[in-house]
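S.K.: Quick one: the structure is below, questions incoming.
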Amino acid sequence: MAKDKVELLKALKDGSDNNGPFASYADALMFAAMIGIRNNKRLKLHSVSYEGLDRVPQDQFRDPELMSLLSICDLQSFSVLADDSKLDRQRVEVFQEYANGGLEIIGQKISGSVDYTDQILLMLEAEIDNRL
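Counting in my numbering, the sequence shown runs from 930 upward without gaps.
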């Protein structure tokens, strides 16, 4: 996790009274990655920290296939799905970088808010309105 996004990720899961908008870090990261993809925002992780966070094993993701699909779309190649440890790291890196970009966008949108759930719902409503 990017060191500058740790507190935001904790807030998205835990909220102020353990009532954050996401049930797990995996859910928050998956949402952030989708926001990153939607906005074409992929940011490298320069300094990494897991301080105060539970590590998120890959098997916690409900849809690991989404990570694979993201890699296929980003790298424009099905070869990224090969059973190879180097390609596995590449798939995870692509996911992490889009999640990092998405967390940056989310952080900007919810800055100053008390209720993150409401702000995230407003983000989603705005996205729907933009599509119509």
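We put the CB at the ideal spot given by N, CA and C, even for glycine.
Would you check if the distance between the CB atom of Phe1024 and the CB atom of Ala962 is smaller than 8 Å?
M.R.: Their beta carbons are under 8 Å apart, which means Phe1024 touches Ala962 by this criterion.
S.K.: For a quick check, are the C-beta atoms of Ala952 and Leu938 less than 8 Å apart?
M.R.: For Ala952 and Leu938, no; Cβs fall outside 8 Å.
S.K.: Rounded to whole angstroms, what is the Cα-Cα separation between Asp1017 and Leu998?
M.R.: For Asp1017 and Leu998, the distance between alpha carbons rounds to 13 Å.
S.K.: In this structure, does DSSP put Ala1011 in helix, strand or coil?
M.R.: Coil, per DSSP.
S.K.: Out of curiosity, what's the CA-to-CA distance linking Asp1065 and Met996?
M.R.: The structure shown does not extend to residue 1065, since the chain spans only 930 to 1061, so no value can be given for it.
S.K.: If you drop the 5 nearest sequence neighbours on each side, which residues of the same chain put their C-beta closer than 7 Å to that of Glu994?
M.R.: Within the same chain, Glu994 has no close Cβ partners at all.
S.K.: Short of 6 Å in beta carbon distance, which residues of its chain neighbour Arg971, apart from the five on each side in sequence? Order them along the chain.
M.R.: Correct list, in chain order: Glu1026, Tyr1027 and Gly1030.
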